[in-house]
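Heads up: the structure comes next, in structure tokens.
In the UniProt record's numbering, the protein residues as written are 1 to 318.
Next up, the structure:
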């Protein structure tokens, strides 16, 4: 008898995306109706994607693997940086950094990494392209951003188990990788800490790291430590100190992600206080100020936090 479909549909009626393993078929829908729609289209999709000489059994032809993901409707952090969403006056031209938005975003990224690290998982490829943005969520308007962070793309993630690091021949985006990874493929929790430091630099400066350098030039520069990502002179001291520590050449000098979360939480409270003074109480209420209390409890139940892009694979059988 055919197997029942796995329980893959989210309980909340949010936008979701379903795509097959080759990403040549993609559906976008809202809520639980997607599964029934998809099951009706599977036979046609199977016929379309099968070759004339395919000798797969009928059972294999009926069973296909699909990925169900959240719909992140605001693109990625790279888009936010380039479009000026982290500036006081959003524009493509560089303006004054909006610290309430930057710190809130850094905090959410660090919180997602903290959850991964607590379960023995290293992301290994954290970059502005792998941090997705959604308009949904209780923290979407904290810092007047209009988005919530979703850390995604775990294709190069590693399970550490009892080890403190692993060695790999495949590493992530070169502009966001630390020297030990580029030099000998060493990946650890501190790899993610370094990558977060690059993102903190990128969000504040509004620039791409190592712009104008080729991959080989970036590799030599980072490995040899001949140059560093320089922060502007007006960078707030606490933010500068934390980002600089994350970007330390010496692995042992980088803070743990748990300590980064604590430091960013303190900064967030400071900058949110300034933001609340700058905006009338009614606007603060509309922006979801109560989300701060909700956020402080979202790790308690042990479920993945809102700042991780949730996706599941399932065998869907008609």
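Glycine included, every Cβ here is placed at the ideal spot set by N, Cα and C.
Bounds of the beta strand (DSSP E) holding residue 134 are 131-134. Under the DSSP definition of a beta bridge, residue 76 partners with 132.
Straight across, the Cα-Cα distance linking residue 201 with residue 192 is about 14 Å. The alpha-carbon separation between residue 186 and residue 77 amounts to approximately 26 Å. A distance below 8 Å between beta-carbons, with the five flanking residues on each side excluded, links residue 182 to the following residues of its chain, in chain order: 171, 174, 219, 222 and 223.
Taking the Cβ atoms as the reference, residue 204 lies roughly 12 Å from residue 244, outside the contact range of under 8 Å. In the DSSP assignment, residue 138 falls outside any alpha helix (DSSP H), carrying neither H nor E. Per DSSP, the unbroken alpha helix (DSSP H) holding residue 222 starts and ends at 215-224.
Spatial neighbours of residue 105 in its own chain (CB-CB distance under 6 Å, excluding positions within 5 residues in sequence) are listed in chain order as 149. Buried is the label assigned to residue 127, since at least 16 other Cβ atoms lie within 10 Å of its Cβ. Rounded to the nearest whole angstrom, the C-alpha separation of residue 271 and residue 260 is 16 Å. Taking all protein chains in view, the Cβ of residue 119 is surrounded by fewer than 16 other Cβ atoms within 10 Å, so the residue is classified as exposed. Remark: C-beta atoms of residue 112 and residue 138 do not approach each other more closely than 8 Å. Straight through space, the alpha carbons of residue 81 and residue 97 are spaced by roughly 10 Å. Cβ neighbours of residue 143 within its own chain (closer than 6 Å, five residues either side excluded): 100, 101 and 104.
Its chain contains 204 and 205 as the residues whose beta carbon lies nearer than 8 Å to that of residue 232, once the 5 sequence neighbours on both sides are disregarded; these appear in chain order. Around residue 254, the same chain offers 190, 193, 194, 245, 246 and 248 as residues with beta carbons nearer than 7 Å, after the five sequence neighbours per side are excluded.
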